[in-house]
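Take a look at the structure below.
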Amino acid sequence: KEKHKILHQLLQSSTSPVDL
Amino acid sequence: YSPCGGTRNKVIPHLLLTEPAPLAANQDESTNDSSLRTLLTLCDLLNRELLVLIGWAKQIPGFSGLSLVDQMSLLQSGWMEALLVGVAWRSQGAAREELVFARNLRLDEGQCQAAGLADLYEVLRHLTAKYEVMKLSPEEVVTLKAMALANSDADPVDCPDSVQRFQDELHEALQEYESSRREQQRAGRLLMSLPLLRQTADRAVQTFLRLHHHHRVPLHKLLLEMLDAK
């Protein structure tokens, strides 16, 4: 899932900061 | 809520409550080229809308119960359709047949052409005109958006039964809503508008990928990741 890292992160957590 | 004496189904009221407020565009100021500025402003808006859309999807009843793999697949295939329902809805009745991406980002045909979005303009106006004729209610708009996501035909599906249940619940909510208005045939009409939405979203994805790969328009990470997933 490395290719879809941001989506994966956003779905897993609603609070963790994501580098956009 | 219901003019015909209440309904048991709480899905649509919930979708109405969780519908995010429309975002405003942040005008790009990195270039003097006004067409490029328009395009960069639009891409920034889309990137932020995507972020909001992912948060919104998690609140659709049943979505968070799907496996993480299925949540990702549905979003990767259905995000543009869900976003375009909003654009077409906002563009209804717009002056000079503009596309209303945000209250402060309205593009007419000429502006779209100059920004390399002529193709997108044409297909999105077609979709907008179709919704205009159908006179969609806000309830139908939010349900259409959720159904576009649920029906995105992601492949392969991790847990087909859960995805099917997710789709069935939205369909049931729509049917119950329409029968409460004594307009049962509208559920079918709404479903029949989904192919045009799919087609419009495919053209939109192609447009942004072309702008990025052939014309080197820089895109934000999330938007690029979702475009590449298509």
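Respectively, the protein sequence lines represent chains A and B.
According to our numbering, the stretch in the first sequence is residues 8 to 27, in order.
According to our numbering, the stretch in the second sequence is residues 964 to 1193, in order.
Here a beta-carbon is modelled for each residue, glycine too, at the ideal position from N, C-alpha and C.
For residue i, the residue or residues it bridges with in DSSP
i	result
Val1104/B	Paired residues: none, contrary to the question.
Val1063/B	Arg1069/B
Through-space distance from residue j to residue i, alpha-carbon basis
i	j	result
Leu1090/B	Val1050/B	10 Å
Leu17/A	Leu1005/B	22 Å
Gln1194/B	Asp1121/B	Given a span of 964 to 1193 for chain B in the structure shown, any question on residue 1194/B remains unanswerable.
Trp1052/B	Ala987/B	16 Å
Gln1162/B	Tyr1084/B	13 Å
Gln1034/B	His1134/B	18 Å
Gln1130/B	Glu1072/B	36 Å
Asn1114/B	Ala1077/B	34 Å
Asn1010/B	Pro985/B	13 Å
Val1180/B	Val1168/B	14 Å
Leu1087/B	Arg1166/B	9 Å
Leu1029/B	Ala1192/B	19 Å
Glu1141/B	Asn972/B	12 Å
Lys1253/B	Arg1128/B	No answer is possible for residue 1253/B: the residues shown for chain B start at 964 and end at 1193.
Sub-9 Å separation of residue i and residue j beta-carbons
i	j	result
Val1048/B	Ala1057/B	no
Glu1188/B	Leu1153/B	no
Val974/B	Thr1106/B	yes
Leu1159/B	Lys1093/B	yes
Leu1280/B	Ile13/A	Given that chain B is displayed from residue 964 to residue 1193, the structure contains no residue 1280/B and the question cannot be resolved.
Reference residue i, options the options, closest by Cα
i	options	result
Ser993/B	Gln1022/B, Ala987/B, Ala984/B and Asp1007/B	Asp1007/B
Glu1146/B	Ser1100/B, Val1086/B and Leu1172/B	Ser1100/B
Glu1012/B	Ala1045/B, Gln1055/B and Pro1119/B	Ala1045/B
Val1096/B	Gln1127/B, Ser1156/B and Val1032/B	Ser1156/B
Cys1177/B	Gly1079/B, Arg1059/B and Asp996/B	According to the sequence provided, residue 1177/B is His. The question's Cys does not apply to it. Residue Gly1079/B is the option with its Cα nearest to His1177/B.
Same chain, Cβ closer than 6 Å to residue i, five either side skipped, listed in chain order
i	result
His1175/B	Leu1182
Ser23/A	Because Ser23/A sits at a pLDDT of 43, beneath the cut-off of 50, its placement in the model cannot be relied upon, and the point is left open.
Ala1117/B	Ser1036, Leu1037 and Ser1040
Leu1137/B	Thr1106 and Ala1150
Leu1172/B	Leu1190
Arg1125/B	Checking the displayed sequence, the identity of residue 1125/B turns out to be Ser instead of Arg. For Ser1125/B, where only same-chain residues beyond five positions count, the Cβ hits under 6 Å are Leu1029.
Ser1054/B	Leu1062, Val1063 and Thr1091
Cys967/B	Note that Cys967/B scores 48 on pLDDT, short of 50, meaning its location in the model is unreliable and no value can be drawn from it.
Contact set for residue i: own chain, Cβ-Cβ below 7 Å, skip 5 residues either direction
i	result
Pro983/B	Val1015 and Trp1019
Ala1081/B	Cys1075
Arg1000/B	Asp991 and Thr994
Leu1068/B	Ala988, Thr1004, Leu1005 and Leu1008
Pro1024/B	Val974, His977 and Glu1132
Ser1027/B	Lys1021
Met1043/B	Ala1164, Ala1167 and Val1168
Ser997/B	none
Residue i CB to nearest heavy atom of the ligand GDP below 8 Å
i	result
Leu1014/B	Of the ligands one can find in the structure shown there are none, so the ligand GDP has no counterpart to examine.
Proximal residues to residue i (C-beta, below 8 Å), its chain only, five neighbours per side dropped
i	result
Ser20/A	none
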